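For the record, the sequence lines run as chains A and B.
The letter at position 13 of the first sequence is residue 21 when you use this note's numbering, and the numbering goes up by one with no holes.
The letter at position 84 of the second sequence is residue 175 when you use this note's numbering, and the numbering goes up by one with no holes.
Heads up, the beta-carbon is just placed ideally off N, CA and C, and yes, glycines get one too.
No experiment lies behind these values; they were computed from the predicted model shown.
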Amino acid sequence: GAVVSQHPSRVICKSGTSVKIECRSLDFQATTMFWYRQFPKKSLMLMATSNEGSKATYEQGVEKDKFLINHASLTLSTLTVTSAHPEDSSFYICSARLGVEQFFGPGTRLTVL
Amino acid sequence: QKEVEQNSGPLSVPEGAIASLNCTYSDRVSQSFFWYRQYSGKSPELIMSIYSNGDKEDGRFTAQLNKASQYVSLLIRDSQPSDSATYLCAVNIRISGTYKYIFGTGTRLKVLA
Chain A
9 GAVVSQHPSR
19 VICKSGTSVK
29 IECRSLDFQA
39 TTMFWYRQFP
49 KKSLMLMATS
59 NEGSKATYEQ
69 GVEKDKFLIN
79 HASLTLSTLT
89 VTSAHPEDSS
99 FYICSARLGV
109 EQFFGPGTRL
119 TVL
Chain B
92 QKEVEQNSGP
102 LSVPEGAIAS
112 LNCTYSDRVS
122 QSFFWYRQYS
132 GKSPELIMSI
142 YSNGDKEDGR
152 FTAQLNKASQ
162 YVSLLIRDSQ
172 PSDSATYLCA
182 VNIRISGTYK
192 YIFGTGTRLK
202 VLA
């Protein structure tokens with residue numbers, strides 16, 4: 009149980025394009041999901057908390073117009089990186105909360121050329 | 092003071108030894124504590140949750156919680172090379188009246204064959 013999937017696992021895109029990443033809780037409903045970013049050999053950085061049916065809560069310094077989050081159902085949250093640039097290249101990981109525990113998706117590696 | 096602190100390591104132990112990973116936290120009223128394992132290039136995987144003072148054992152893993160001293164530790168018995176990874180401590184901490192999941196920066200463990 010408590011399986012979270014992410015799609016795609018890897019994406020390479022040109023600078024200026026937008027990229028959508030999906031996060032799904034496969035065997036449970038998650039009213040709250042989280043989006044993290046991790047640079048190589050660095051710690052997890054929470055970007056935003058995604059709440060089903062309401063606006064996401066962004067951490068300080070994270071541009072909400074740059075990183076669009078939609079949590080339209082109890083099993084799906086999406087993160088759209090708009091007008092991606094090379095500095096947005098990173099490992100994006102979502103997690104879903106079940107009770108007090110968080111379960112992570114496998115991550116999406118984004119490379120912006 | 093950081094909310095959740097871990098020694099970044101690397102912690103090197105020989106195969107078969109006990110690896111001891113430590114984590115301290117700042118919020119006295121934290122109730123939930125978690126250990127995650129993260130292999131290089133992969134997302135974190137929940138391996139232990141602990142909520143009460145004392146020890147909690149699961150296979151080769153033992154989590155130890157001491158709320159009075161505000162630390163939580165993870166012991167890995169009979170360490171294997173496959174245990175080599177970064178271990179992240181996470182704590183549910185109250186910030187501005189709401190609870191947030193805070194991760195430490197992780198301890199890199201190397202088990203030497």
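- For a cut-off of 8 Å, the C-beta gap from I77 (chain A) to A56 (chain A) is around 5 Å, short enough to register as a contact.
- Beta-carbon to beta-carbon, Y116 (chain B) and Q161 (chain B) are separated by about 5 Å, close enough to satisfy the 8 Å threshold.
- Residue range S98 to L106 is occupied by the beta strand (DSSP E) that includes S98 (chain A).
- Annotation for V120 (chain A): C21, S23, A92, H93, P94, D96 and S97 place their beta carbon closer than 7 Å to its own, counting only its chain and skipping 5 residues before and after.
- In this chain, G197 (chain B) is not harboured by any beta strand (DSSP E), its DSSP state being neither H nor E.
- Membership of F75 (chain A) in the beta strand (DSSP E) is indicated by the continuous run F75 to S81.
- In terms of beta-carbon proximity, P135 (chain B) lines the interface with chain A, with at least one pair separated by less than 8 Å.
- Counting every other CB atom within 10 Å of its CB across the protein chains shown gives Y130 (chain B) a total below 16, marking it as exposed.
- As the crow flies, the alpha-carbon of S173 (chain B) is around 10 Å from that of A204 (chain B).
- Neighbourhood of S123 (chain B) in chain A, by CB distance below 7 Å: V108, in chain order.
- In the displayed model, D118 (chain B) falls within coil according to three-state DSSP, outside both helix and strand.
- Residue pairing for R128 (chain B): DSSP places it in a beta bridge opposite B:E136 and B:Y178.
- Listed in chain order, the positions of the stretch 81-100 of chain A with a beta carbon within less than 7 Å of a beta carbon of chain B would be empty, since no residue qualifies.
- Not a single unbroken stretch of the alpha helix (DSSP H) spanning 4 or more residues falls wholly within the stretch 38-80 of chain A.
- The alpha-carbon separation between T83 (chain A) and V120 (chain B) amounts to approximately 31 Å.
- If the five residues before and after Q46 (chain A) are omitted, its C-beta is found closer than 6 Å to the C-beta atoms of L52 and F99, all from its own chain and listed in chain order.
- Sorting B:K158, B:S187 and B:L137 by C-alpha distance to the C-alpha of D146 (chain B) places B:K158 at the top.
- Scanning chain A for C-beta atoms nearer than 7 Å to the C-beta of S140 (chain B) yields E109, reported in chain order.
- Excluding the 5 residues flanking it on each side, S33 (chain A) has same chain C-beta neighbours closer than 6 Å at V12, T83 and A104, in chain order.
- Annotation for I20 (chain A): the continuous beta strand (DSSP E) segment containing it runs R18 to C21.
- The Cβ neighbour count for P135 (chain B), taken over all protein chains shown within 10 Å, is at least 16; the residue is labelled buried.
- Within chain B, the residues P135, L179 and F194 have their CB atoms less than 8 Å from the CB of L52 (chain A), given in chain order.
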